[in-house]
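For the sequence shown, the numbering used here gives the first residue as 2, with consecutive numbering after it.
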Amino acid sequence: MDFDLFVIGGGSAGVRCARIAAGHGARVGIAEERHWGGTCVNIGCVPKKLLVQAGEYGGWADDAAGFGWTIHKGPHDWGKLIAAKDREITRLEGVYRKLLTGAGATIFDGRAVFVDPHTLEVAGRRITAERIAIATGGHAERPNIPGAELGIISDDAFYLKTMPRRVAMVGSGYIAVEFAGIFRALGAEVHLIYRQPLPLRGFDQDVREALVEALAAQGIILHPGCLPHKVEADGERRILTFGDNEMIDADLVFFATGRKANVKGLGLDKAGVELNAKDAVRVDEHLRTTQPHIYAMGDVTDRVNLTPVATAEGHALADTLFGNAPRTIPLWNVPSAVFTTPPIGTVGLSEDQASAMGAVDIYTARFTPMRHNLSGRNRRSLMKLVVDKETQRVVGAHMLGEDAAEIIQGIAIAVVMGATKADFDRTIGIHPTAAEEFVTLRTRTRTTDLAKDAD
Ligand code: NDP
Numbered sequence: 002m003d004f005d006l007f008v009i010g011g012g013s014a015g016v017r018c019a020r021i022a023a024g025h026g027a028r029v030g031i032a033e034e035r036h037w038g039g040t041c042v043n044i045g046c047v048p049k050k051l052l053v054q055a056g057e058y059g060g061w062a063d064d065a066a067g068f069g070w071t072i073h074k075g076p077h078d079w080g081k082l083i084a085a086k087d088r089e090i091t092r093l094e095g096v097y098r099k100l101l102t103g104a105g106a107t108i109f110d111g112r113a114v115f116v117d118p119h120t121l122e123v124a125g126r127r128i129t130a131e132r133i134a135i136a137t138g139g140h141a142e143r144p145n146i147p148g149a150e151l152g153i154i155s156d157d158a159f160y161l162k163t164m165p166r167r168v169a170m171v172g173s174g175y176i177a178v179e180f181a182g183i184f185r186a187l188g189a190e191v192h193l194i195y196r197q198p199l200p201l202r203g204f205d206q207d208v209r210e211a212l213v214e215a216l217a218a219q220g221i222i223l224h225p226g227c228l229p230h231k232v233e234a235d236g237e238r239r240i241l242t243f244g245d246n247e248m249i250d251a252d253l254v255f256f257a258t259g260r261k262a263n264v265k266g267l268g269l270d271k272a273g274v275e276l277n278a279k280d281a282v283r284v285d286e287h288l289r290t291t292q293p294h295i296y297a298m299g300d301v302t303d304r305v306n307l308t309p310v311a312t313a314e315g316h317a318l319a320d321t322l323f324g325n326a327p328r329t330i331p332l333w334n335v336p337s338a339v340f341t342t343p344p345i346g347t348v349g350l351s352e353d354q355a356s357a358m359g360a361v362d363i364y365t366a367r368f369t370p371m372r373h374n375l376s377g378r379n380r381r382s383l384m385k386l387v388v389d390k391e392t393q394r395v396v397g398a399h400m401l402g403e404d405a406a407e408i409i410q411g412i413a414i415a416v417v418m419g420a421t422k423a424d425f426d427r428t429i430g431i432h433p434t435a436a437e438e439f440v441t442l443r444t445r446t447r448t449t450d451l452a453k454d455a456d
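Right, here's the structure in full:
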């Protein structure tokens, strides 16, 4: 065999796995057909966060007046922002390549396709490997409606030549609400069109309600309970018909309607690797596919599609196979953030999820952050703890408000460790902060027991 391990895909999962396995002394090859670092680094988390930060500066410039500053805010230069973002992404892509070669992995710029369970064709070359890991990620999907190809997907949003003045955003998952916030903060009129009554299905109900308030306060025009019907072109303009035959004439129709695993054209049938009901690669908790020496990790398995989960899986697989330290990555209590304006941070169970298993005590705080008493901005934060009534363990912590992602990362350690409400209560707050609310929530808001209600 040419390699002990061959990794298909140089994204978060693949790069980590290849790098760590090579560090353990394995002979490792890795192929990437598009860009090293994958979705997160090139057309996902990293450039998205830079665009979010660009929007924040505009808000801060407005808010500064309440603190005595006179700021003349000029127009925003989209081209300059995208050029700066591109330079940073090019730098990071180089870092990823270097990490791999520095660790001793052999890198291939090209697509890898299975010929048989141990053989791959990579850029016109046959390569054999003892073990193979599939880490090809996922891709955005447009809905099946007429003219869908006239709308963009998130990949395209990072390379727009000009900043759109009017945007019709379809969907209300992570990507839709984040990009709605970005374009709005940079000055566009933004319409959010979604089929649920509230955005972010699956998140805690209080968070979803608070998000609706925040999106509206930001000036985003909400169209709940609406399906998209068709997109038509009028020169450069795009006309979206949706809901009850409503129409928006926009510069941009943006579909953020979900992602699918990248499994097509890999020759998985020749490798004996089966898919699951979601058309993603089926794996067990050890990341094994239906072919014992072939593994899959990250978004191609379509389980918890988050970069830190993918890197953790890649690392665990490398340690398991070559580091004499077998382990699995539990997929519960995974904290995550949504970089809306303001952001959302969450870890553990929502009130509905937890109370479906038994009674929970709910503690909430809703307040205007100190800063906005002076800035005059209409923005309120939400903090919420979900506590198992019987054990008093904190099983969920949720926040919408400034720095939510930073705050919840710390809270997540306590939740993962199994901290109780009493542990939170005996922790002294840091004053004056928003985060201190999490340790000063003394009055129970309510007790919920969906399990009992269902009886
Ligand atoms: P999601 O699956 O989160 O959301 C898809 C949205 O599109 C939902 O609102 C869904 O509605 C709607 N939708 C799906 N199909 C249709 C349709 N045919 N017509 C109308 N609406 C439709 O996908 P995203 O694309 O937002 O994000 C993909 C993944 O990427 C996420 O699951 C997340 O794991 C990851 N991600 C994480 C981020 C972060 O951590 N900050 C940022 C961005 C992405 P409904 O709710 O009714 O199904």
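Glycine included, C-beta positions come from ideal geometry on N, C-alpha and C.
Asked, Found
"Identity of the residues DSSP links to E233 by a beta bridge", "I240"
"Any non-hydrogen atom of the ligand NDP closer than 7 Å to I176 Cβ", "yes"
"Residue interval of the alpha helix (DSSP H) (run including E314)", "T308 to F323"
"Expected contact under 8 Å - CB spacing of G464 and H77 to nearest Å", "The requested residue 464 is not part of the displayed model; the chain covers only 2 to 456."
"Cβ-based neighbour list, V171, same chain, cut-off 8 Å, excluding 5 preceding and 5 following", "P144, G152, A177, I194, Y195, P229, L241, F243, V254, F255, F256, A257 and T258"
"Through-space distance from P48 to N263, alpha-carbon basis", "21 Å"
"Proximity of A458 and I31 at Cβ, strictly below 8 Å", "Nothing in the structure corresponds to residue 458, since the chain is present only between 2 and 456."
"Exposure label - E179; buried when at least 16 CB within 10 Å", "buried"
"Opening and closing residue of the beta strand (DSSP E) in which F368 lies", "V361 to F368"
"beta-carbon R260 near the ligand NDP non-hydrogen atom, thresh 7 Å", "yes"
"Nearest residue (CA-CA) to R238, options P370, D450, L82 and P165", "P165"
"Residues of its chain near G59, where Cβ-Cβ distance is below 8 Å and the 5 sequence neighbours each way are ignored", "K74, H77, A186, L187 and G188"
"The region 212 to 219 / the region 363 to 383 touching (three or more Cβ pairs under 8 Å)", "yes"
"Span of the alpha helix (DSSP H) around S337", "Per DSSP, S337 belongs to no alpha helix (DSSP H); it is in the beta strand (DSSP E), S337 to V339."
"Euclidean distance between Cα positions of L51 and K86", "7 Å"
"Presumed contact (8 Å Cβ cut-off) between D450 and S356, rounded CB distance", "6 Å"
"C-beta atoms of H294 and R132 nearer than 8 Å", "yes"
"Heavy atom of the ligand NDP within 7 Å of L228 beta-carbon", "yes"
"Span of the alpha helix (DSSP H), counted from its first residue to its last, around F115", "Run containing F115: none in the alpha helix (DSSP H); it sits in the beta strand (DSSP E), A113 to D117."
"Q410 Cβ short of 7 Å to the ligand NDP heavy atom set", "no"
"CA-to-CA distance, N325 to L318, given in whole angstroms", "11 Å"
"Option in T302, L288 and D303 with minimal Cα separation from A296", "According to the sequence shown, residue 296 is Tyr rather than Ala. With distances taken between Cα atoms, Y296 lies closest to L288."
"Contacting residues, own chain, Cβ-Cβ under 6 Å from P343 (five flanking each side not counted)", "G402 and E403"
"Exposure label - K81; buried when at least 16 CB within 10 Å", "exposed"
"Ordered list of alpha helix (DSSP H) runs contained in the region 246 to 309, each at least 4 residues", "269 to 272"
"For V200, the nearest candidate out of Q54, P225, F184 and I414 (CA to CA)", "Rather than Val, the amino acid found at residue 200 in this sequence is Pro. Nearest C-alpha to P200: P225."
"Boundaries (first-last residue) of the beta strand (DSSP E) holding S13", "Run containing S13: none in the beta strand (DSSP E); it sits in the alpha helix (DSSP H), S13 to G24."
"Own chain, CB closer than 7 Å to S173, minus 5 neighbours either side, in chain order", "L193, Y195, Q197, P200 and L201"
"Classification of A455 by the beta-carbon crowding that lies within 10 angstroms, buried from 16 upward", "exposed"
"Segment contact, 8 Å Cβ cut-off, at least three pairs: the region 403 to 423 with the region 101 to 119", "no"
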